[in-house]
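So for the sequence shown, numbering that gives the first Met the number 0 puts the first residue at 0; every next one is plus one. Notes follow once the structure below has been shown.
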Amino acid sequence: MRVNKTGLYIVIEGQDGTGKTTQLNLLADYFEKQGRNVLILNEGARQDSGLPATDRIGATVKTRTFDLDPLTNVLLFTAQRSELWRKLAEPMLEQGGVVISSRNWWSTLAYQHYGQGVDKQLINEITAKFMPARYVKPDYGVILTLDDIERAKRTTGRDDSHKNDTFESQKIDFQKKVNRGYLEIAREFQIPIIDASDTVEKIHQEIKRCLRSN
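Pasting the structure below:
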């Protein structure tokens with residue numbers, strides 16, 4: 000694993016139901032046992048980041064009844080990640096800590112470009128204009144993938160909150176577009192793909208192997 004004097008920025012990507020949160024927590028525990036300071040981020044989620052306005056943005060975009068325009072989603076997600084990055088992630092990295100994020104701008108490509116049809120170049124330009132290069136190109140990234148049937152089983156097995164989620168509630172055709180989008184993103188940015196149907200421990204070990212191989 001490369002030694003980075005300004006910390007490590009790691010992204011775990013994938014659709015809802017692929018186990019990102021579980022792997023995020025396992026990886027955080029792995030680094031904490033090494034004595035590293037760790038910050039967990041959850042882009043695009045209804046989270047408790049300590050930044051109320053930022054959390055409200057995530058909740059707004061994820062609430063299905065608001066029915067926001069896809070470009071509005073791009074702008075709101077960019078605003079949210081800008082706040083999270085500058086107020087939480089950058090300070091942690093400058094102190095040599097580890098930032099592990101569930102999602103980054105790759106999610107916007109997957110959902111808003113491949114899923115909702117927003118122009119890809121526009122997303123690239125907005126991201127490049129408002130986010131620093133360190134954010135755009137993480138030190139490490141992986142994408143967890145799962146077939147549509149198994150993913151649907153996992154998400155419908157949760158509580159009823161998924162029914163009001165802007166993206167989890169979308170029909171199978173949309174989910175297939177996003178799934179294909181992630182495969183394209185993996186090829187374009189040379190991001191390792193990990194089969195999320197395996198056991199939690201095997202996935203964790205595979206993620207660590209990806210970190211060690213770079």
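Ideal placement from N, C-alpha and C gives every residue a C-beta, glycine not left out. Remember, predicted model here, so these are calculated numbers, not experimental data.
Residues sharing a beta bridge with residue i, DSSP
i     : result
LEU75 : Answer by DSSP bridge pairing: none, since LEU75 is not bridged.
TYR8  : VAL98
VAL37 : VAL97
Residue i - containing beta strand (DSSP E), residue span
i      : result
THR144 : 139-144
ASP194 : 192-194
Own chain, CB closer than 7 Å to residue i, minus 5 neighbours either side, in chain order
i      : result
VAL177 : GLN14, ALA109, TYR110, TYR113 and GLY114
Cβ-Cβ separation, residue j to residue i (assumed contact under 8 Å), whole Å
i      : j      : result
ASN36  : GLN79  : About 23 Å; that fails the 8 Å criterion.
THR107 : THR17  : Actually they are not in contact, since the Cβ atoms of THR107 and THR17 sit about 17 Å apart, beyond 8 Å.
GLU149 : SER101 : The pair is not a contact, with the Cβ atoms about 19 Å apart (cut-off 8 Å).
TYR134 : TRP84  : 5 Å
Local conformation of residue i per DSSP, three classes
i      : result
GLY13  : strand
THR62  : strand
PRO131 : coil
LYS136 : coil
ASP54  : helix
LEU83  : helix
Residue range of the alpha helix (DSSP H) that includes residue i
i      : result
HIS214 : Outside the modelled stretch of the chain, which goes from 0 to 213, sits residue 214, for which no answer is possible.
ASN103 : Neither: ASN103 is in no alpha helix (DSSP H) and is coded neither H nor E.
GLY180 : 171-188
LEU25  : 19-31
GLU200 : 199-211
Spatial neighbours of residue i in its chain, beta-carbon cut-off 6 Å, leaving aside the 5 residues before and after
i      : result
GLN174 : ASP147
PRO191 : VAL141 and CYS209
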